[in-house]
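Colleague:
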Amino acid sequence: MSWGTELWDQFDNLEKHTQWGIDILEKYIKFVKERTEIELSYAKQLRNLSKKYQPKKNSKEEEEYKYTACKAFLSTLNEMSDYAGQHEVISENMTSQITVDLARYVQELKQERKSNFHDGRKAQQHIETCWKQLESSKRRFERDCKEADRAQQYFEKMDADINVTKADVEKARQQAQIRHQMAEDSKADYSSILQKFNHEQHEYYHTHIPSIFRKIQEMEERRIVRMGQSMKTYAEVDRQVIPIIGKCLDEIVKAAEAIDQKNDSQLVVEAYKSGFEPPGDIEFEDYTQPMKRTVSNNSLSNSRGEGKPELKLAGKAKGKLWPFIKKNKLMSLLTSPHQPPPPPPASASPSAVPNGPQSPKQPKEPLSHRFNEFMISKPKIHCFRSLKRGGSTPEDFSNLPPEQRRKKLQQKVDDLNKEIHKEMDQRDAITKMKDVYLKNPQMGDPASLDHKLAEAAQNIEKLRFEAQKFEAWLAEVEGRLQARGEQARRQSGMYDGQPPPTGHTCAQDRESSPDGSYTEEQSQESQVKVLATDFDDEFDDEEPLPAIGTCKALYTFEGQNEGTISVAEGETLYVIEEDRGDGWTRIRRGEDEEGYVPTSYVEVCLDRNAKDS
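Counting in the numbering used here, the final residue of the sequence shown is number 1660, and the numbers go up one at a time with none missing.
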């Protein structure tokens, strides 16, 4: 099947068909190009999505990725970035192997098609020219024949007429002969041109047109084959990245299977464990019996004859001992008002009110309740140094609970050890370089490295000193945690071995002393002494809070609740803590007397410099 023989008369249709084929190829190129743009856009969006959810460096989010579920999510984000990279590979391969290649091929195809159809038109023009020559010679032959026939008829007519002279007859005969000769010449010319046209026509339809159409057919078939190959390449480009995409998905599945909920639960314990022991039970206080109140209105404990702090042990589980120490600062912390402050008096002068405005009455809670609430409130505080206004994080992390402090110290020690090893490696490298310089002086001056060695040694000593300091703090914390655990176990064993108390009052758990006070059992008293001493040590180095301004009392206020302080109208005092939104302001009179007063009862003038510092 050949277009040259089957479609010898379809030159125009073949021209349209081949142009349509090139248009189809260009349409396919445009399709692939848009696909590559989509792949690039998709890859970019995937990368942006992965980057958006990546944890920020040196942020709290980065610390959260220690959990296995978060690690799996991070692995998913990383794999999605690789997944996006494969789509970029698809785009690049399609562009280089299909789009660019086909675009160049289309240009070549257009040139070849143009050349073939140019040859076809040239052959058409030639055969048309031959046909025109044939028609011209045919018309001339026809005209000459008619002219010769008319000349012959005129001669015969003149020859038959007796009235015509012999000269006219001879002239007519000569004219007829000329016309006959011209007709013969036209006939010969027509015959020659006809033979030539037939030959050209035969060549046109059996040689030139088949050859041109065969070339056009081959060109069109090559275009079809090339388009099919491009489609195969299109599929192969996708298939080549499928194994890598499969590996990405396998890694995501592997990361998901590596999630360990038990491990994450343990990490939560390690992250938030404070190291405190749970508080013991609160014993029943019988107010029907005439006994001394555990908490007075003015101090945390009642002094004994020897000035020892009185301690109340939790009834059934006495492993938790609450130390009550005479500290105005602790008093203010633990007994700060929990109720709204009273409104200022309606009259302009407090003399209109007999006893001045009174703070709201409420049942006084035992101090053990207050201290227990303080210890279990959020955030948990193991060292009251962290309560200083505006204080920065201590170097020894003493503001953290014991367990968290131990972890921070351990992390600091590990970081310092890494720095030490790094400095030692650097020192060793400098030493080796110095040895090389000693052996080969032309490479450098050994003395130029002495200051670097001295600097490295100084850095190592400094880091070792820091490491020893943090190791000492770490040993201290670990020793306290271990001692606390052993003490809790001993107390638990001691109380488990004792029979349960039969009474319901705290008086039955103590022995009465001659002066009316209460004494604990000897073993419990010794434990209380140790705990009270440790608790008191936390405040020995405390400095009073700095004054941040002054205030003037607008009305008289009689502080009758725990944590409040009485003031007189017109009295000037120091402000050490401004109102935090609860309606109370913390003030100080003199050096030691501190407490809270309603903010509406005083006119506060803050020192901006002191507040900023």
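All residues carry an ideal CB built from backbone N, CA and C; glycine is no exception.
Please list the terminal residues of the continuous alpha helix (DSSP H) segment that includes V1153.
Modeller: For the purposes of this step, residue 1153 is identified with residue 106 of the sequence shown, where counting begins at 1. That run of the alpha helix (DSSP H) goes V1147 to A1207.
Colleague: Whose C-alpha, out of Q1199, E1317, M1141 and V1315, is nearest the C-alpha of K1077?
Modeller: Here the question's residue 1077 lines up with position 30 in the sequence shown. That would be M1141, whose Cα lies nearest to the Cα of K1077.
Colleague: Taking contact to mean at least 3 C-beta pairs separated by less than 8 Å, is the region 1644–1654 in contact with the region 1621–1630?
Modeller: Contact holds: three or more Cβ-Cβ distances are below 8 Å.
Colleague: Does DSSP put W1067 in a helix, a strand or coil?
Modeller: Locating residue 1067 in the sequence shown gives position 20, counting from the first residue. It is helical.
Colleague: What residues in its chain sit with their C-beta under 6 Å from that of A1219, if we drop five residues either side in the sequence?
Modeller: The residue given as residue 1219 occupies position 172 in the sequence shown. Excluding sequence neighbours, A1219 sits near Y1201, F1202 and M1205.
Colleague: Looking only at C-alpha atoms, which of D1232, R1269, E1182 and E1508 sits nearest to C1192?
Modeller: Residue numbering aside, residue 1192 sits at position 145 when the sequence shown is read from its first letter. That would be D1232, whose Cα lies nearest to the Cα of C1192.
Colleague: My output table needs one value for V1211: the three-state DSSP class, helix, strand or coil.
Modeller: As a first step, residue 1211 is located in the sequence shown; it is residue number 164 there, counting from the start. Looking at V1211 - three-state DSSP - the assignment turns out to be coil, as it is neither helix nor strand.
Colleague: Label R1270 either buried or exposed according to how many other C-beta atoms from any shown protein chain fall within 10 Å of its C-beta, with 16 as the threshold for buried.
Modeller: Taking the first residue of the sequence shown as position 1, residue 1270 is located at position 223. So R1270 ends up on the buried side.
Colleague: Give me the Cα-Cα distance between D1285 and M1278, rounded to the nearest whole angstrom.
Modeller: Numbered from its first residue, the sequence shown carries residue 1285 at position 238. Numbered from its first residue, the sequence shown carries residue 1278 at position 231. Roughly 11 Å between the two C-alpha positions.
Colleague: Going by C-alpha distance, which of S1495, H1498 and N1464 is nearest L1510?
Modeller: Taking the sequence shown and counting its residues from 1, one reaches residue 1510 at position 463. Here the closest residue by C-alpha is N1464.
Colleague: Where does G1642 sit, in a helix, a strand or coil, going by DSSP?
Modeller: As a first step, residue 1642 is located in the sequence shown; it is residue number 595 there, counting from the start. Correct three-state label for G1642: strand.
Colleague: Between A1395 and E1324, what straight-line distance do the alpha-carbon atoms span, to the nearest angstrom?
Modeller: As a position in the sequence shown, residue 1395 is number 348, starting the count at 1. As a position in the sequence shown, residue 1324 is number 277, starting the count at 1. In this prediction, A1395 has a pLDDT of 40, which is less than 50 and means its spatial position is unreliable; what the coordinates show is noted afterwards. Roughly 53 Å separates the two Cα atoms.
Colleague: Could you check where the alpha helix (DSSP H) with R1269 kicks off and where it finishes?
Modeller: As a first step, residue 1269 must be located in the sequence shown, where it is residue number 222. Element bounds for R1269: I1256 to E1304.
Colleague: Could you have a look at F1323 and say whether DSSP puts it in helix, strand or coil?
Modeller: Position 276 of the sequence shown, counted from the start, is the residue given in the question as residue 1323. Three-state DSSP puts F1323 in coil, outside helix and strand.
Colleague: So what does DSSP say about W1369, is it helix, strand or coil?
Modeller: As a working note, residue 1369 is residue 322 in the sequence shown. Summary for W1369: the model assigns pLDDT 40, below 50, so the residue's position carries little reliability, and this model does not support an answer.
Colleague: Out of Y1089, Q1101, K1294 and Q1180, which one is the CA nearest neighbour of I1037?
Modeller: This structure does not reach residue 1037, given that the chain is present from 1048 up to 1660, and the question cannot be answered.
Colleague: Helix, strand or coil for L1653, going by three-state DSSP, please let me know.
Modeller: The sequence position of residue 1653 within the sequence shown is 606, counting from 1. Looking at L1653 - three-state DSSP - the assignment turns out to be strand.
Colleague: In three-state terms, what does DSSP make of Y1100?
Modeller: By 1-based counting over the sequence shown, the position of residue 1100 is 53. Here Y1100 sits in coil by DSSP.
Colleague: For Q1242 and E1062, I'd like the C-alpha separation in whole angstroms.
Modeller: In the sequence shown, the residue the question calls residue 1242 occupies position 195. In the sequence shown, the residue the question calls residue 1062 occupies position 15. Taking the straight line joining both Cα atoms gives about 31 Å.
Colleague: Out of A1501, E1139 and L1314, which one is the CA nearest neighbour of Q1035?
Modeller: No statement about residue 1035 is possible, as the shown extent of the chain runs from 1048 to 1660 and does not include it.
Colleague: Ends of the beta strand (DSSP E) at G1596?
Modeller: Here residue 1596 refers to the residue found at position 549 of the sequence shown. Start and end: G1596 to A1600.
Colleague: Determine the direct distance from the alpha carbon of E1605 to that of C1652, and round the result to whole angstroms.
Modeller: In the sequence shown, the residue the question calls residue 1652 occupies position 605. In the sequence shown, the residue the question calls residue 1605 occupies position 558. Going from the Cα of C1652 to the Cα of E1605 covers about 22 Å.
Colleague: Based on the DSSP output, what are the partners of T1611 in its beta bridges?
Modeller: To locate residue 1611, count along the sequence shown from 1; it is residue 564. According to DSSP, T1611 bridges with Y1643.
Colleague: In three-state DSSP terms, what is S1433?
Modeller: For the purposes of this step, residue 1433 is taken as residue 386 along the sequence shown, with counting starting at 1. Interpretation of S1433 is limited by its pLDDT of 41, a score under 50 that renders its predicted location unreliable; the figure taken from the coordinates is listed afterwards. Correct three-state label for S1433: helix.
Colleague: Is the region 1117–1136 touching the region 1289–1299 in the sense that three or more CB pairs, one from each, lie closer than 8 Å?
Modeller: Result yes; three or more Cβ-Cβ pairs closer than 8 Å.
Colleague: I need the DSSP call for R1527, collapsed to helix, strand or coil.
Modeller: The residue given as residue 1527 occupies position 480 in the sequence shown. In the structure shown, R1527 sits in a helix (DSSP, three-state: H, G or I).
Colleague: Alpha carbon to alpha carbon, how far is K1678 from Q1092?
Modeller: For residue 1678 there is no data in the structure shown, the boundaries of the chain being 1048 and 1660.
Colleague: May I ask you to report which of helix, strand or coil DSSP gives W1631?
Modeller: Position 584 of the sequence shown, counting from 1, holds the residue named residue 1631. Strand.
Colleague: State buried or exposed for D1260, treating a residue as buried only when at least 16 other CB atoms are found within 10 Å of its CB.
Modeller: Within the sequence shown, numbered from 1, the residue matching residue 1260 stands at position 213. According to the sequence as given, residue 1260 is Phe; it is not Asp. F1260 is buried by the Cβ-count criterion.
Colleague: CB-CB under 6 Å to P1488, same chain, minus the five flanking residues each way: which ones, in chain order?
Modeller: The sequence position of residue 1488 within the sequence shown is 441, counting from 1. None.
Colleague: With the cut-off set at 8 Å, would you say K1080 and T1146 are in Cβ contact?
Modeller: Taking the sequence shown and counting its residues from 1, the one referred to as residue 1080 is at position 33. Taking the sequence shown and counting its residues from 1, the one referred to as residue 1146 is at position 99. Yes, Cβ-Cβ distance for K1080 and T1146 is below 8 Å.
Colleague: Output the distance between the C-alpha atoms of L1495 and I1507, rounded to the nearest integer angstrom.
Modeller: Taking the first residue of the sequence shown as 1, we reach residue 1495 at position 448. Taking the first residue of the sequence shown as 1, we reach residue 1507 at position 460. As written in the sequence, residue 1495 is Ser, which differs from the Leu given in the question. One C-alpha to the other measures close to 20 Å.
Colleague: Give me the Cβ distance between F1512 and K1459, rounded to the nearest whole Å; I'm assuming they're in contact under 8 Å.
Modeller: What you label residue 1512 is simply residue 465 of the sequence shown in a count that begins at 1. What you label residue 1459 is simply residue 412 of the sequence shown in a count that begins at 1. Contact doesn't hold; Cβ gap of about 13 Å is too wide.
Colleague: So, do the region 1152–1159 and the region 1210–1217 have three or more beta carbon pairs nearer to each other than 8 Å?
Modeller: Contact fails: fewer than three Cβ-Cβ distances are below 8 Å.
Colleague: Which stretch, first to last residue, makes up the alpha helix (DSSP H) that contains E1605?
Modeller: As a position in the sequence shown, residue 1605 is number 558, starting the count at 1. Neither: E1605 is in no alpha helix (DSSP H) and is coded neither H nor E.
Colleague: Please report how far the alpha carbon of T1176 lies from the alpha carbon of I1225, in whole angstroms.
Modeller: Here the question's residue 1176 lines up with position 129 in the sequence shown. Here the question's residue 1225 lines up with position 178 in the sequence shown. So the alpha carbons of these two residues sit roughly 30 Å apart.
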